[in-house]
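S.K.: The opening position of the sequence shown corresponds to residue 59 in the numbering used here, with each subsequent residue numbered one higher.
Sending over a structure as structure tokens; questions will come in a sec.
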Amino acid sequence: MYCKRRWGLLEINGDWAENLFVIKAEIIHERVHQGLHSFSDKDKTARSSVSLYNDSEEYNLYGIADCIEFIKSNKGVKINGLPDLYNVRIAEYKPTPPKDGDFHQSDAIQVFAQKICADYIWHCNTQCYIYYAQTKKRIKLPFDMEFEKYDKMLKEYLRQMRDYLKKHKIPEREKGQKCSGCSLKDICFPKNIKYNVKSEIQKMIREEEI
Ligand code: SF4
């Protein structure tokens, strides 16, 4: 959602490059995935790095959530391996909130995809939060009110991604795309390199195969 071309370079071309924003996000996620957010007390059990899936034809998704919290509730659902009934809550960790608004839409759609999986696994209505490290604030995402909107958006992104993957095509840069924070700038539009080494090698392999 941030940039289709970036997604294509990462997922189709296998490109990777780091900058300050990527490193910051990595450090936050490393802390979460080291298990620092896994604990149990009398009301709540939290688990980090939880594998999620929804293998229905409609979505067919798999991923790993930063943190899932199971909150004891008589109106909750049964969770394998836990003794009581629980409400399910997703907490996703991100470095920086937007300057205008409570959360980035690109962060929200990622959490919505996690919700689609968690709802499917535990037959519940998962409540979803983003924790922004810079402001140390936890923001509740409005999926109860805006489920249809996010569901439509997610399905459309999945359709487009699968289409690009099938055609093995990297999306073009969109008009008005903001690139200042992107770590792939030098790969996306190289200034000094006359040609892309990787694509030249791929071309040679293709020619050899013919
Ligand atoms: S440099 Fe801009 S267009 Fe290129 S991948 Fe990054 S955000 Fe997208």
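Note that beta-carbon positions come from the ideal geometry of N, C-alpha and C, so glycine has one too.
From Lys133 to Gly139, what distance separates their C-alpha atoms?
M.R.: On the sequence shown, position 75 is the one that residue 133 refers to. On the sequence shown, position 81 is the one that residue 139 refers to. In a straight line, the C-alpha of Lys133 is about 18 Å away from that of Gly139.
S.K.: For Cys175, verify whether its CB is less than 7 Å away from any heavy atom of the ligand SF4.
M.R.: By one-based count along the sequence shown, residue 175 stands at place 117. No; taking the cut-off as 7 Å, the Cβ of Cys175 has no heavy atom of the ligand SF4 nearer than that.
S.K.: Nearest CA to the CA of Cys246: which residue from Ser107, Ile259, Pro229 and Leu143?
M.R.: The count along the sequence shown starts at 1 and reaches residue 246 at position 188. The candidate whose alpha carbon is nearest that of Cys246 is Pro229.
S.K.: Please state whether DSSP places Phe205 in a helix, a strand or coil.
M.R.: Locating residue 205 in the sequence shown gives position 147, counting from the first residue. Phe205 falls in the helix class under three-state DSSP.
S.K.: For Ile70 and Lys62, what's the separation of their Cα atoms in angstroms?
M.R.: Stepping through the sequence shown from its first residue, residue 70 is reached at position 12. Stepping through the sequence shown from its first residue, residue 62 is reached at position 4. Computed Cα separation, rounded: 11 Å.
S.K.: From Lys150 to Thr184, what distance separates their C-alpha atoms?
M.R.: Numbered from 1 along the sequence shown, position 92 holds the residue referred to as residue 150. Numbered from 1 along the sequence shown, position 126 holds the residue referred to as residue 184. Contrary to the premise, residue 150 reads as Glu rather than Lys in this sequence. Going by the C-alpha atoms only, they are around 13 Å apart.
S.K.: Any heavy atom of the ligand SF4 closer than 7 Å to the CB of Gln218?
M.R.: Along the sequence shown, read from residue 1 onward, the residue named residue 218 stands at position 160. No, Cβ of Gln218 sits at least 7 Å from all heavy atoms of the ligand SF4.
S.K.: To the nearest angstrom, how far is the alpha carbon of Met203 from that of Lys261?
M.R.: Working through the sequence shown from its first residue, we reach residue 203 at position 145. Working through the sequence shown from its first residue, we reach residue 261 at position 203. Going by the C-alpha atoms only, they are around 49 Å apart.
S.K.: Can at least three beta-carbon pairs, one atom from the region 154-170 and one from the region 192-202, be found at a separation below 8 Å?
M.R.: The answer is yes - the region 192-202 touches the region 154-170, with three or more Cβ pairs under 8 Å.
S.K.: How long is the line joining the alpha carbons of Gln235 and Asp244, rounded to whole angstroms?
M.R.: To locate residue 235, count along the sequence shown from 1; it is residue 177. To locate residue 244, count along the sequence shown from 1; it is residue 186. Using only the alpha carbons, I get a separation of about 15 Å.
S.K.: Taking the beta carbon of Lys157 as the centre, do at least 16 other beta carbons fall within 10 Å, making it buried, or is it exposed?
M.R.: Counting from 1 along the sequence shown, the entry for residue 157 is found at position 99. Exposed, by the Cβ-count rule.
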